[in-house]
Amino acid sequence: MKTDIQIAQEATLKPISEIAKSLGLQKEDWEPYGNTKAKLSDQLVDRLSDRQDGKIVLVTSINPTPAGEGKSTVTVGLGQALNKIGKKAVIALREPSLGPVMGLKGGAAGGGYSQVLPMEDINLHFTGDIHAITTANNALSAIIDNHIHRGNKLQIDPRKIEWKRVLDMNDRALREIVIGLGGPSQGIPREDGFNITVASEIMAILCLANSLSDLKERISQIVIGYTYNEEPVTVKDLKVEGALTLLLKDAFKPNLVQTTENTPAIIHGGPFANIAHGCNSIMATKTAAKLGDYVITEAGFGADLGAEKFLNIKARAAKFDPDAVIIVATIRALKMHGGVEKSGLTKENVHALKKGMENLEKHIETIEKFGLPYVVSINKFPTDTIDEINYIEKWCEERKVDVALTDVWAKGGEGGIELAEKIVHKIETNQHKFEHLYPLDMSLEKKIRKIAQVVYGASNIELSNKAKKQLAYFEEQGWGQLPICMAKTQYSLSDDPTLLGKPEGFVITIRELRPSIGAGFIVVLTGEMLTMPGLPKKPAAFKMDVTNDGKVVGLF
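Residues in the sequence shown are numbered from 13 upward in steps of one, following the working numbering.
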């Protein structure tokens, strides 16, 4: 069986000029980044403002497991399948972070015959967007420390600086550090730390801004820390929003690539879904909606994290209503949620599958709460048995849930035609009313409890003393009108990654809150959530190499 990278390297790519032409783009709408990548103009949405928007289909999934769900693969495969049935589809995905690529996850550009290409570039440095965000973030850190060193006119309390430096790599040694050592000329010593770049608020801002001017305004509102009098200090106070926006002006432009079947794909932005909101940029999604009849986009991890944030945060900021949802599951992952160890997943086990279906059922309930039509996609693996497939199909039939067996890894778009036809039928025949889970004028604590109880199935929330004080302070500052961005493990509906399936009676522990005022949400940290991941015992990097003629191997 060929690997993803072998399939990708054997694919025939069209010049990016042909992909741009197929979308009806004019010369001023795009600029090439080599032969197979391009940057799209950030003015394109405005130029096409009179054009009707395409239907937006969100791809989400059950809680992920080490067995894999293939959400990105289904997203790409569905886009290809829609084009095969005569629909003009454009795919909109996130950019992969080098941390997970080199760490545990490996490549993140789909799989098999449903990939976005060139996958080597996309998984590595691509067009430099994430590096630009790293630079802007760390430029702000340098400005903060220089301000303090030069007299601290704003009276910033060095003990209460919230802004962290970032690096696009999993490096646990940098979580907590001390800077400014070495004497007076080296600055003021203080505690600091690193987050992974995709957890930076600047990444979230880039993905939620609707224009370059909106980007600058949001950057100006970033709260970097507090004064000795506990007043918030913003980027606007430091007067560097213009410089930071300048560093991001090219990164703000969406990236155009193609799939293994030459379907257009826009890849832009990549905030973590368990730390930030986990969706690609509004600019990318809106641009795709102007260029295609259908936009197939995804949100990170399961519906409890990615979909909830897409629907409560991104859709609000973008002022659009999604039209339908795909919920991806695999028989392997469902069996794991049913109690089977990873080593035993290749064996038929309908009993474990039955137990694991509780996880899928909870995510279906969540999507129904938003009033959206949906189709369940069973992403097919070679080890799936007839009895296991029949069980899922019967389970869905009994509950009047539309389901499609999807084989896009092995067959590309051809393997997703049933899914494509069902989602088109859903959109064309369903009168739905999309509703957010909570109104913005609800208190922060009530919003948190609503998400925990309705989306996760928790019995309640438990606030630390620190979180209680922060809630009161944030409300006093006028930040209570913002949506909530929960930082929670992706592996469980609870905040305990070991509780698989559909746990009940659990309490979500709220450790602390962080203001992301520029992004436009409040981050709520639960359990032991980390904003700088570490590498596993055997990082994916161990398998990666490059040949003497420059060919990438072992990326996935």
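We put the CB at the ideal spot given by N, CA and C, even for glycine. Keep in mind the model is a prediction, meaning the values are calculated, not measured.
- Between the C-alpha atoms of residue 556 and residue 112 there is a straight-line separation of about 13 angstroms.
- Following the DSSP letters along the chain, one finds residue 302 inside the alpha helix (DSSP H) bounded by residues 294-303.
- Cβ neighbours of residue 447 within its own chain (closer than 7 angstroms, five residues either side excluded): 382 and 383.
- Going by DSSP, residue 95 is part of no beta strand (DSSP E) but of the alpha helix (DSSP H) stretching over 83-96.
- With respect to residue 269, residue 256 sits apart: the two C-beta atoms are not nearer than 8 angstroms.
- In this chain, residue 411 is not harboured by any beta strand (DSSP E), its DSSP state being neither H nor E.
- Within the same chain, Cβ atoms closer than 7 angstroms to the Cβ of residue 234 are found at 213, 246, 247, 529 and 530, the five residues on either side in sequence being excluded.
- With distances taken between CA atoms, residue 280 lies nearest to 217 out of 217, 252 and 187.
- Restricting attention to 251, 222 and 225, the CA atom closest to the CA of residue 236 is found in 251.
- For the pair residue 390 and residue 358, the CB atoms are not nearer than the 8 angstroms cut-off.
- For residue 20, the enclosing alpha helix (DSSP H) covers residues 16-22.
- Around the C-beta of residue 472, fewer than 16 other C-beta atoms lie within 10 Å, and the residue is accordingly described as exposed.
- In the three-state reduction of the DSSP assignment, residue 341 falls in the strand class, which pools E and B.
- The C-beta separation of residue 101 from residue 306 comes to about 4 angstroms, placing the pair in contact by the 8 angstroms criterion.
- In this structure, residue 520 lies near residue 506, with their beta-carbon atoms less than 8 angstroms apart.
- Inclusion of residue 495 and residue 339 in the CB contact set at 8 angstroms is not warranted, their separation being larger than that value.
- Counting only the Cα atoms, residue 463 lies some 33 angstroms from residue 57.
- Check the Cα spacing between residue 329 and each of 297, 192, 317 and 508: the tightest is with 297.
- When only Cα atoms are considered, residue 157 and residue 70 end up about 41 angstroms apart.
- Apart from the 5 residues on each side of it in sequence, residue 67 sits with its Cβ closer than 6 angstroms to the Cβ of 306, 335 and 439 in its chain, given in chain order.
- One alpha carbon belongs to residue 420, the other to residue 28, and they sit about 24 angstroms apart.
- Rounded to the nearest angstrom, the Cβ distance from residue 534 to residue 456 is 6 angstroms, consistent with a contact under 8 angstroms.
- Taking a C-beta distance under 8 angstroms as the contact criterion, residue 110 and residue 16 do not qualify as a contact pair.
- Between the C-alpha atoms of residue 538 and residue 469 there is a straight-line separation of about 15 angstroms.
- If you ignore the 5 residues before and after residue 444, its C-beta comes within less than 7 angstroms of the C-beta of 383, 384 and 385, all in its own chain and listed in chain order.
- Contact between residue 271 and residue 88 holds: CB atoms are separated by about 5 angstroms, below the 8 angstroms threshold.
- Residue environment: residue 76 is assigned as buried (16 or more neighbouring CB atoms within 10 Å of its CB, all protein chains considered).
- In the structure shown, residue 422 falls within a helical segment according to DSSP collapsed to helix, strand and coil.
- The beta-carbon distance between residue 210 and residue 283, rounded to whole angstroms, is 6 angstroms. This is short enough to meet the 8 angstroms contact definition.
- Using a 10 angstroms sphere on the CB of residue 208, the tally of other CB atoms reaches 16 or more, which defines it as buried.
- DSSP, reduced to helix, strand and coil, places residue 468 within a helical segment of the structure shown.
- In the DSSP assignment, residue 537 falls within the unbroken beta strand (DSSP E) covering 533-538.
- Within the DSSP bridge table, the entry for residue 270 names 129 and 276 as partners.
- Where residue 478 is concerned, the enclosing alpha helix (DSSP H) starts and stops at 477-488.
- Around the beta carbon of residue 13, a 10 Å sphere encloses fewer than 16 other beta carbons of the protein chains shown; the residue is thus reported as exposed.
- The C-beta separation of residue 176 from residue 206 comes to about 6 angstroms, placing the pair in contact by the 8 angstroms criterion.
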